[in-house]
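Worksheet for the structure shown next.
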Amino acid sequence: MPISGLSDPSLFREQALIGGSWTDSTSGKTLSVDNPATGEIIGTIPACTAAETEKAIAAADSAQKRWKTRTPDERAAILMKWYDLILASLDDLATIMTVEQGKVLAEAKGEVKYAASFLRWFAEEARRMDGTIITPPQRDRRVLVLKQPVGTTAAITPWNFPLAMITRKCAPAFAAGCSMVIKPSELTPYSALALAVLAERAGLPSGLLSIVTGEAKEIGPVLTASPTVRKLSFTGSTRVGALLMEQSASTIKRLSLELGGNAPLLVFDDADLETAVAGAMGSKFRNSGQTCVCSNRILVQSGIHDRFVARITEEVAKLKVGNGLDPKNTMGPLINDAAVAKIRAHVEDALSHGARYASAPLSTDGRFVTPVVLEGVTSAMRVSCEETFGPVLPVFKFETEEEAVTLANSTPFGLASYFFTTDISRAWRVGEALDFGMVGLNTGSVSMESAPFGGIKQSGLGREGGHPGIDEFLELKSFHMAGL
Ligand code: ADP
1 MPISGLSDPS LFREQALIGG SWTDSTSGKT LSVDNPATGE IIGTIPACTA AETEKAIAAA
61 DSAQKRWKTR TPDERAAILM KWYDLILASL DDLATIMTVE QGKVLAEAKG EVKYAASFLR
121 WFAEEARRMD GTIITPPQRD RRVLVLKQPV GTTAAITPWN FPLAMITRKC APAFAAGCSM
181 VIKPSELTPY SALALAVLAE RAGLPSGLLS IVTGEAKEIG PVLTASPTVR KLSFTGSTRV
241 GALLMEQSAS TIKRLSLELG GNAPLLVFDD ADLETAVAGA MGSKFRNSGQ TCVCSNRILV
301 QSGIHDRFVA RITEEVAKLK VGNGLDPKNT MGPLINDAAV AKIRAHVEDA LSHGARYASA
361 PLSTDGRFVT PVVLEGVTSA MRVSCEETFG PVLPVFKFET EEEAVTLANS TPFGLASYFF
421 TTDISRAWRV GEALDFGMVG LNTGSVSMES APFGGIKQSG LGREGGHPGI DEFLELKSFH
481 MAGL
């Protein structure tokens, strides 16, 4: 059943955008997309072929050659027009997102604004891609460092932020003078396609952006093997990130990888209890716990432990699980049945190793999962070393700061981390000691367009957003002028 209630139904597209043409696939094959809240089929998307992916790359390559010659102001003006159009379609884009992804409408609206913010930020950055002048050892030389666009790029994006994970990549790419071929998640393609409709209306040149829908195993290897694609930006699991890195080796492609996390959230005895509870609620249950920066391990010092568990359990009991389109609900469904099975397995594993429910026990209904609080959690349990990606809040008890920092860092991942304290010395000490790309002090939120986002260790390579975001799409050229 197509999405109803859109004020602009033309935003809902069931075709791919390849080299400037909206098209079905020559394969004749389609994939169905369902609504995780109801299980109903929303529509289909073309299962694009390798040849169609090649066509998108070729079009991107030729469009990029013209685009890079446009002035930064011209590029910025188109990005700003796109920004305005996205905000003008906020309600429709949020509805499409909620129907295909499940997150509640209020969060979907938040994501639309967050997604748009990257267009504005990088429109501004387009005008500041300044190079440098070097001091050379020779009297007769001048050496300049120029910043130039990488060229044709590709992106593979996930389902948990169907719009923002696209604009966070394509906004800096277009600002820098690059083109981009995007393969959105097959679970949430309609947000990406709606974004492309608005890009066309904003005047983005034909072919500069393609949205190639379909199966990862058909499209992914074409993007990685293509020598024309000079850079790949990926957000998704560490497993697939490692695979793409391997596949990109043959063409020595530049890579930005934003992969899995296992975020710790530390609550010290001297924390403000209500601030810590609010931060943990936000960082844990946003998008039903399905974000790579969701706190996965809640480490609480013994002196505040019982009060924290009691308060957060009260807050968790207030969450209302249900269809995200209904404004009374505060938490939507999980994306698919496999996600539900993983939650169940993590909770059962923890209980069998001695954890206890502090909240009501887990119950599931289709893809709806009730949020739970577990206490008595230890490092022997799966929740301590695997990303749960769902509404399970596991509480570990610790005694000393040193123990907490060691436990927090004992993971191969290094994306986000959070801690709560009112002691200024501890704030500095712990902030510097946490081995993560992002640290939140007295907050459960670390995402904004103006700060670099990304991880260390097996959480990835590169940074998105902030000033470094555009550098990911720029090459440095040293220009040596001799005999002067
Ligand atoms: P998640 O666990 O969040 O679903 P994935 O890493 O499986 O993360 O998926 C993120 C994106 O990577 C999606 O667009 C998906 O289609 C794509 N993807 C999955 N497997 C591959 C693959 N083998 N090659 C290229 N892309 C892939």
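Numbers 1 to 484, taken from UniProt numbering, label the letters of the sequence shown in order. Quick reminder that beta carbons are idealized off the backbone N, C-alpha and C, glycines included. Values in this document were obtained by computation on a predicted structure and should not be read as measured data.
Backbone secondary structure at residue i - three-state DSSP
i           : result
residue 306 : helix
residue 323 : coil
residue 364 : strand
residue 416 : strand
residue 472 : coil
residue 161 : coil
residue 301 : strand
residue 225 : helix
residue 484 : coil
residue 172 : helix
Separation of residue j from residue i, as counted between CA atoms
i           : j           : result
residue 123 : residue 81  : 10 angstroms
residue 222 : residue 25  : 16 angstroms
residue 207 : residue 370 : 44 angstroms
residue 145 : residue 479 : 6 angstroms
residue 243 : residue 397 : 36 angstroms
residue 367 : residue 165 : 23 angstroms
residue 157 : residue 186 : 9 angstroms
residue 378 : residue 408 : 12 angstroms
residue 449 : residue 440 : 15 angstroms
residue 239 : residue 31  : 23 angstroms
residue 63  : residue 302 : 60 angstroms
Spatial neighbours of residue i in its chain, beta-carbon cut-off 8 angstroms, leaving aside the 5 residues before and after
i           : result
residue 470 : 122, 125, 126, 129, 172, 175 and 176
residue 272 : 420, 422 and 442
residue 345 : 382
residue 356 : 374, 375 and 376
residue 78  : 174, 202, 203 and 204
Paired residues, beta bridge with residue i - DSSP
i           : result
residue 155 : 182 and 233
residue 34  : 41
residue 453 : 464
residue 254 : 231
residue 18  : 21
residue 356 : 375
Span of the alpha helix (DSSP H), counted from its first residue to its last, around residue i
i           : result
residue 215 : Run containing residue 215: none; DSSP gives neither H nor E here.
residue 346 : 337-352
residue 405 : 401-409
residue 491 : Any question about residue 491 goes unanswered here, given that the chain covers just 1 to 484.
residue 14  : First-last for residue 14: undefined, no H or E at that position.
residue 264 : Per DSSP, residue 264 belongs to no alpha helix (DSSP H); it is in the beta strand (DSSP E), 263-267.
residue 248 : 238-248
Range of the contiguous beta strand (DSSP E) that encloses residue i
i           : result
residue 396 : 392-398
residue 149 : 142-149
residue 439 : 438-441
residue 25  : Counting along the chain, residue 25 falls outside any beta strand (DSSP E), and DSSP gives it neither H nor E.
residue 372 : 372-375
residue 128 : Residue 128 -> no beta strand (DSSP E), and no H or E assigned at all.
Proximal residues to residue i (C-beta, below 6 angstroms), its chain only, five neighbours per side dropped
i           : result
residue 281 : 315
residue 358 : 309, 313, 373 and 375
residue 363 : 370
Subject >> Around the ligand SAH, Cβ to any heavy atom closer than 5 angstroms, ordered along the chain >> reply: Among the ligands present in this structure, namely the ligand ADP, the ligand SAH is not found.
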